[in-house]
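Just below is one structure, and these are the notes that go with it.
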Amino acid sequence: MGAMLDCAEYRQFTLYWTESQIFVKNGNRTAEKSNIFLNLPLNFTISDIKVGISTGYGFSGKWMLEDINCLQTTCFSTSTSYGYMYLRDYGISTSGSTFITFMVQACSDAHIALSSPTKEKPIEIVISGWNNTQSCIRLRSRGDCSVTTLGAVLDCREYRPFTVYWGDGNIRVKKGNSTARKSNIFLSLPLNYNLDDFDVGISTGFGSSGRWIFEDESASVTSKTTKKPMAVDLSVVVPLAPGRFLGLAKGSEFDLGDDGMQPIRFRQFYLDVANSSATQSSTIQRVRCYTDKTTAPDVPRNILDIPCKHTARYVIVETTYDAPDDGLYTGAMLEICEIEVYGCESGKYGENCMPCQGCETCDINNGQCEECTDGRYGRNCTSICGHCVNGKPCQRETGVCDRGCDPGYQTLHCIEVCTAGYYGEHCISICGHCLNNSACDHITGVCEQGCESGFQRENCTEACTGGMYGSNCSVICGNCFESQQCHHINGTCMNGCSRGYQGVHCTEECDDNFFGENCEKRCNSTCKNCNKTSGECENGCYPGWSGRFCQEGICALLDFMERNAAAFVDTVLITRYAIMLLEFVNRDANPDIKGKIAQKVCGTKVEIQ
302 MGAMLDCAEY RQFTLYWTES QIFVKNGNRT AEKSNIFLNL PLNFTISDIK VGISTGYGFS
362 GKWMLEDINC LQTTCFSTST SYGYMYLRDY GISTSGSTFI TFMVQACSDA HIALSSPTKE
422 KPIEIVISGW NNTQSCIRLR SRGDCSVTTL GAVLDCREYR PFTVYWGDGN IRVKKGNSTA
482 RKSNIFLSLP LNYNLDDFDV GISTGFGSSG RWIFEDESAS VTSKTTKKPM AVDLSVVVPL
542 APGRFLGLAK GSEFDLGDDG MQPIRFRQFY LDVANSSATQ SSTIQRVRCY TDKTTAPDVP
602 RNILDIPCKH TARYVIVETT YDAPDDGLYT GAMLEICEIE VYGCESGKYG ENCMPCQGCE
662 TCDINNGQCE ECTDGRYGRN CTSICGHCVN GKPCQRETGV CDRGCDPGYQ TLHCIEVCTA
722 GYYGEHCISI CGHCLNNSAC DHITGVCEQG CESGFQRENC TEACTGGMYG SNCSVICGNC
782 FESQQCHHIN GTCMNGCSRG YQGVHCTEEC DDNFFGENCE KRCNSTCKNC NKTSGECENG
842 CYPGWSGRFC QEGICALLDF MERNAAAFVD TVLITRYAIM LLEFVNRDAN PDIKGKIAQK
902 VCGTKVEIQ
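Quick note: the sequence shown, position 9, residue 310 per our numbering, numbers continuous.
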């Protein structure tokens, strides 16, 4: 059948299976059926299977597996419209590299751009442009070709491998991968400068679409691999228990002889755990669990129990060791038979993966708390956080509420209520006038037993208003001056009383024969007990007097006669004597006597008239 593989370049194969047959074909899945070189009928049905890959017997291999739907980050599809996709946007960086290797399947016009980060003036490599007739390098996009090579190098039906080099002042394009012979170089252009920080873009166009796969850039130009990782994806982040690591040792059941796997390559490996894969995380982002320190000629034990009590998703085994006594290969090689990883989901422990008690995470073996759940702190998370502001968690080690306390609480741990007499945020608000000087609610300030006399509302901070005073502001104020508010506690009218009232509360009417503001005015003596507000003689006058205030005597009529009737001179003189007598009596006589005298004297004169 002949040789199918080549040490210097990738060869492409497609494996098919049906319910009862297996086929192996040169090329990708679109290659001709005539490329089938292995065909095996089966007497059983193939359904759910796993595919494994291996090399051996003195040979190592490098594999790239195509994603049929081209969804992986190392696999791209480009359309018939010219326009670059830049690899850095998809997680592929060329920083620190001097070449890039890829495979492309296209009928023509596979374009590579070496561009600055601003995507300005890229150097453009055209592979099999102009209907798959020539390739060239040009110093700007769609510019003139600086160097050209004729001939078709692409194929519509299969992937073709290429490597682009830079970094030594030259750009070179080679058929095959990085280990292919120098004679495979078909484009070379000297530059008068070095390419440093730049981006790699890919495109097809002008009627041709393409599919691209990019090689792992950990391989160097000399084929000597400087680092080899292997990662176990646990699918979720889990706490890990001590695991078992099975390598290879001379004479073990896994020893394949001198031409097979060598235990010497097992030296000086290291085991890390991380939350991202080996390709996405550097050693700085990982936790180192184990480093083998074996040196030649010794070899490590083939079965190692490695304690690694950490929480992670990926278990990464890696080596940079180049065994000096390896007569077959140079470079780092990683040969592992089996890795056993033990653990539970986060938040569980023990053989039966029981839930951690009061913790978010705990020791995978004994359940001792390592990280408390929100609301708990301290050793084994047995202490409960205080009243941290807005329900925020406290420090999981000390219990301190970093952002302060909820209203009504104080101190660093927010477990003490406000000092009596204070309440609210930061405990700086002063309680109102609570009954019997009792404490208000430490959170709201409400006086739960009610208010002191003269105060109202839940917090007892407002004095009585609206003409009320006293306990629960339930007592009505007296007749204060101009209806002013009385004192909110004792009801005193501080600016005096309204007319007709007296006393400190202005609830007492004036005494008889007194009236006006604060009852300071006396009624006329001729009045029968005047109105206590206005002083008017509402109950009438004593005999001989008239008017609203009983200030007018009946004998005043005689004055009128004296002024206006000369004919009554003798009569007036007689009357005047009578009035003088009346005024004399007024000084000492009581009202009844005065009235009788006035009636007699005046009445007599009226009769004379």
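A virtual CB, placed ideally from N, CA and C, is assigned to each residue, including glycine.
> Which whole-angstrom value describes the C-beta separation of Thr-816 and Cys-831, a residue pair presumed to lie in contact below a C-beta threshold of 8 angstroms?
Replying inline: Here the sequence assigns Phe to residue 816, which means Thr is not the residue at that position. In this structure Phe-816 touches Cys-831 by the C-beta definition: roughly 6 angstroms separates them, less than 8 angstroms.
> Per DSSP, which one or two residues make a beta bridge with Pro-462?
Replying inline: Answer is Met-404, bridged to Pro-462.
> Would you call Lys-483 buried or exposed, if buried means 16 or more other Cβ atoms sit within 10 Å of its Cβ?
Replying inline: exposed
>> Taking only three categories from DSSP, how would you classify Lys-833?
In response: In this structure, Lys-833 counts as coil in the three-state DSSP scheme.
> Apart from the five residues just before and just after Asp-812, which ones in its own chain have a Cβ nearer than 7 angstroms to its Cβ?
Replying inline: Cys-820
> Hey, Gln-786 and Gly-768: beta-carbon distance below 8 angstroms or not?
Replying inline: Yes, they are a contact pair.
> Leaving out the 5 sequence neighbours to the left and right, which residues in its chain are closer than 8 angstroms to Phe-338 when beta-carbon positions are compared?
Replying inline: Met-302, Met-305, Val-325, Lys-326 and Asn-327
> Can you tell which of Ser-396, Ile-617, Pro-342 and Thr-699 has the C-alpha that lies nearest to the C-alpha of Asp-534?
Replying inline: Ile-617
> Is Gln-803 helix, strand or coil by DSSP?
Replying inline: strand
> DSSP state of Gln-757, grouped into three classes?
Replying inline: DSSP places Gln-757 in strand when its eight states are reduced to three.
> In terms of residue numbering, what span does the alpha helix (DSSP H) encompassing Asn-432 cover?
Replying inline: 430-433
>> Short of 8 angstroms in beta carbon distance, which residues of its chain neighbour Val-701, apart from the five on each side in sequence? Order them along the chain.
In response: Cys-695, Leu-713 and His-714
> Among the residues of its own chain, which have a CB less than 8 angstroms from the CB of Trp-364, if the five just before and after it don't count?
Replying inline: Ile-354
>> Between the alpha carbons of Leu-388 and Ser-396, how many angstroms are there, rounded?
In response: Rounded to whole angstroms, Leu-388 and Ser-396 show a C-alpha spacing of 11 angstroms.
> Leaving out the 5 sequence neighbours to the left and right, which residues in its chain are closer than 6 angstroms to Asn-796 when beta-carbon positions are compared?
Replying inline: Phe-782 and Gln-785
> The beta strand (DSSP E) spanning Gln-322 covers which residue range?
Replying inline: 322-327
> The beta strand (DSSP E) with Pro-491 in it runs from where to where?
Replying inline: Segment 486-491, the beta strand (DSSP E) holding Pro-491.
> Cβ of Ile-428 within 8 angstroms of Cβ of Ser-436?
Replying inline: yes
>> Can you list, in chain order, the residues of its chain with a C-beta nearer than 8 angstroms to that of Ser-382? Leave out the 5 residues immediately preceding and following it.
In response: Gly-506
>> If you measure between the beta carbons of Cys-686 and Cys-706, is that distance less than 8 angstroms?
In response: no
> Exposed or buried, what is Tyr-358 when buried is set at 16 or more other beta-carbons lying within 10 Å of its beta-carbon?
Replying inline: exposed
> For Ile-727, which three-state DSSP category applies?
Replying inline: In the sequence as displayed, the identity of residue 727 is His instead of Ile. Of the three classes helix, strand and coil, the one that applies to His-727 here is helix, per DSSP.
> Can you name the start and end residues of the beta strand (DSSP E) that Asn-737 belongs to?
Replying inline: It is not in any beta strand (DSSP E) - Asn-737 carries neither H nor E in the DSSP assignment.
> From Ile-777 to Cys-798, what does the alpha carbon distance come to, in whole angstroms?
Replying inline: Their Cα atoms are separated by approximately 14 angstroms.
> If you run the structure through DSSP and keep just helix, strand and coil, what is Asn-340?
Replying inline: strand
> To which residues of the same chain is Gly-511 closer than 6 angstroms at the C-beta, ignoring the five residues directly before and after it?
Replying inline: Thr-379, Val-405, Ala-407, Ala-411 and Thr-505
> Glu-783 by DSSP, collapsed to three states: which one?
Replying inline: helix
> DSSP state of Ile-640, grouped into three classes?
Replying inline: strand
> For Ile-486, which option in Asp-445, Val-454, Asn-495 and Ile-503 has the closest C-alpha, if you only look at C-alpha atoms?
Replying inline: Val-454
> Grouping DSSP H, G and I as helix and E and B as strand, with all else coil, what is Cys-820?
Replying inline: coil
> What are the residues that DSSP puts in a beta bridge with Met-634?
Replying inline: For Met-634, which the question treats as bridged, DSSP gives no partner whatsoever.
>> Tell me whether the region 587-595 and the region 494-504 touch, counting them as touching only if at least three CB pairs, one residue from each stretch, are closer than 8 angstroms.
In response: no
> For Ala-414, which beta-bridge partners are listed by DSSP?
Replying inline: In the DSSP output, where bridge partners are listed per residue, Ala-414 has Glu-425 and Gly-502.
>> Between Thr-612 and the ligand ATP, is there a pair consisting of the residue's CB and a ligand heavy atom that are separated by less than 7 angstroms?
In response: As presented, the structure is devoid of all ligands, the ligand ATP included, so that no description of it is given.
> Alpha carbon to alpha carbon, how far is Asn-728 from Leu-736?
Replying inline: Before going further, note that residue 728 is Cys rather than Asn in the sequence given. Distance between the alpha carbons of Cys-728 and Leu-736 is about 20 angstroms.
>> So Cys-761 and Gly-733 are supposed to be a Cβ contact under 8 angstroms. How far apart are they, rounded?
In response: 4 angstroms between Cβ atoms; contact.
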